[in-house]
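Enquirer:
Residue numbers (the working numbering): 68 to 475.
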């Protein structure tokens, strides 16, 4: 028996800087408006590669997915063909976010970004400066794009002088109306990339030419985005890294990111996330977006007027900040959705018994004793009548929190 359809796929056209980007929007069959993840592939990656599988898994979790061919590639417009436009990719991503916010079926307040390889760099850079983004997954991100890396990938090895000379000649030739210089997408020595390409079906290779322009490998101002990553907070970010990935700077970038953040490691190298480790990588991405973008992650709690409501929140649903967790809750007579307001007050109970068993505790016995000595559990008192907002702070030594919501 065939599995039930969990999404409707629609072809989309996104206008961006005078060209049209072609892609797809997967909408869950559940009632909207729904959260959305925008998916961005890497260097020379096409929309048929991995993205449909990820989009289908997201739809099954109630999350819409939008993805498209990069400018100059596949079905999208742009010239010269097969040229990776590093800065243009960022513009296109921001325009994709704007496009998504025009749809009545998408919740514009719950948009996340997923990017892999060079796309991981792109989503980190945009999320650091665009607060429309509410969650990020960076999979094996290329956070450093240095000249030597470009020269090696373009087939010049460590001969930077020749690389620079031929880049300059190609640029001059194109300015005078000549054709762009092309080089192979996968060099003969790049076994992991060849292995990934061998797994693609004929449909997935429909728009694959095997070539990219030489200028795709040119140095850019995006040589190191680590300083940008430091500005990510408070946007939640998850890094999905391959244990044997030789791409430099990934773990330093994760350390540079502020909380809340998460690191998941999968087996293999840079291209294993599209082959042998694709399943675990997709599962980790879907889990993160479900935690951060679904109503439960916004502390949406049903409440009956005049009656308290109790809800249990798992530890990963509460944002981390230094030695405390800041919980923002918006209360109305009917629901609790997001920063505490004067229409209700909340009692926070610290649950010391770990439901996963004592061996899975996230705290040391010494830390537990200290915190119990501080008279936990604690509660905040009802806010003042004219109070607009109030921050609740509580220690984070437990795996679960229990919120008692008392609407006024």
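Virtual Cβ for every residue (Gly too), placed ideally from N, Cα, C. In this text, all values refer to a predicted model and were calculated from it rather than measured experimentally.
Report yes or no: do three or more beta-carbon pairs, one from the segment 124-135 and one from the segment 72-82, lie closer than 8 Å?
Expert: Yes, since at least three Cβ pairs between the segment 124-135 and the segment 72-82 fall closer than 8 Å, the two stretches touch.
Enquirer: From the DSSP secondary-structure annotation, give me the bridge partner or partners of residue 501.
Expert: The requested residue 501 does not occur in the structure, where the chain is confined to residues 68 to 475.
Enquirer: Taking the runs of the alpha helix (DSSP H) that are 4 residues or longer, which of them lie wholly in the segment 225-274?
Expert: Fully enclosed alpha helix (DSSP H) runs of 4 or longer: 227-242 and 258-265.
Enquirer: For residue 389, I'd like the list of residues in its chain whose CB is within less than 7 Å of its CB, leaving aside the five on either flank, ordered along the chain.
Expert: With a pLDDT of 28 at residue 389, under the threshold of 50, the predicted position of this residue should be treated as unreliable, though the coordinate-derived value follows. For residue 389, where only same-chain residues beyond five positions count, there are no Cβ hits under 7 Å.
Enquirer: If you drop the 5 nearest sequence neighbours on each side, which residues of the same chain put their C-beta closer than 6 Å to that of residue 328?
Expert: So the list reads 304, once near-sequence residues are dropped.
Enquirer: Across the segment 261-272 and the segment 199-209, are there enough close Cβ pairs to call them in contact, namely three or more that are closer than 8 Å?
Expert: Result no; under three Cβ-Cβ pairs closer than 8 Å.
Enquirer: State yes or no: is the C-beta of residue 106 within less than 8 Å of the C-beta of residue 349?
Expert: The answer is no: Cβ separation not under 8 Å.
Enquirer: Report back the beta-carbon spacing between residue 356 and residue 130 to the nearest angstrom; my notes put them in contact at under 8 Å.
Expert: Confirmed, Cβ separation roughly 5 Å.
Enquirer: Determine, using beta carbons only, whether residue 200 and residue 192 come nearer to each other than 8 Å.
Expert: Going by C-beta atoms, residue 200 is not nearer than 8 Å to residue 192.
Enquirer: Any idea which residues DSSP pairs residue 164 with across the strands?
Expert: Answer is none; residue 164 lacks a bridge partner.
Enquirer: Starting from residue 102, trace the beta strand (DSSP E) both ways and give me its first and last residue.
Expert: It spans 101-107 - the beta strand (DSSP E) in which residue 102 sits, taken as one unbroken run.
Enquirer: In three-state DSSP terms, what is residue 83?
Expert: In the structure shown, residue 83 sits in a strand (DSSP, three-state: E or B).
Enquirer: Taking its Cβ as the centre, do 16 or more other Cβ atoms sit within 10 Å of residue 219, making it buried, or is it exposed?
Expert: So residue 219 ends up on the buried side.
Enquirer: What first and last residue would you give for the beta strand (DSSP E) that runs through residue 181?
Expert: Here the beta strand (DSSP E) through residue 181 covers 173-183.
Enquirer: Going by C-alpha distance, which of 112, 125 and 109 is nearest residue 92?
Expert: Selected option, being the one with the closest Cα: 125.
Enquirer: Counting along the chain, where does the beta strand (DSSP E) carrying residue 133 start and finish?
Expert: Segment 131-135, the beta strand (DSSP E) holding residue 133.
Enquirer: Sort 239, 242, 283 and 255 by Cα distance to residue 154 and report the nearest one.
Expert: Answer by Cα proximity: 283.
Enquirer: Does DSSP put residue 299 in a helix, in a strand, or in coil?
Expert: Residue state, collapsed to three classes: coil.
Enquirer: Does the Cβ of residue 256 have 16 or more other Cβ atoms within 10 Å, making it buried, or fewer, making it exposed?
Expert: Label assigned to residue 256: exposed.
Enquirer: List the endpoints of the continuous beta strand (DSSP E) containing residue 329.
Expert: Taken as a continuous stretch (DSSP letters only), the beta strand (DSSP E) holding residue 329 covers 328-333.
Enquirer: Would you identify the three-state DSSP class for residue 325, choosing helix, strand or coil?
Expert: Correct three-state label for residue 325: coil.
Enquirer: For the alpha helix (DSSP H) that contains residue 357, what are its first and last residues?
Expert: From DSSP, the alpha helix (DSSP H) with residue 357 extends over 345-360.
Enquirer: Can you have a look at residue 83 and say buried or exposed, based on whether 16 or more other CB atoms are within 10 angstroms of its CB?
Expert: So residue 83 ends up on the buried side.
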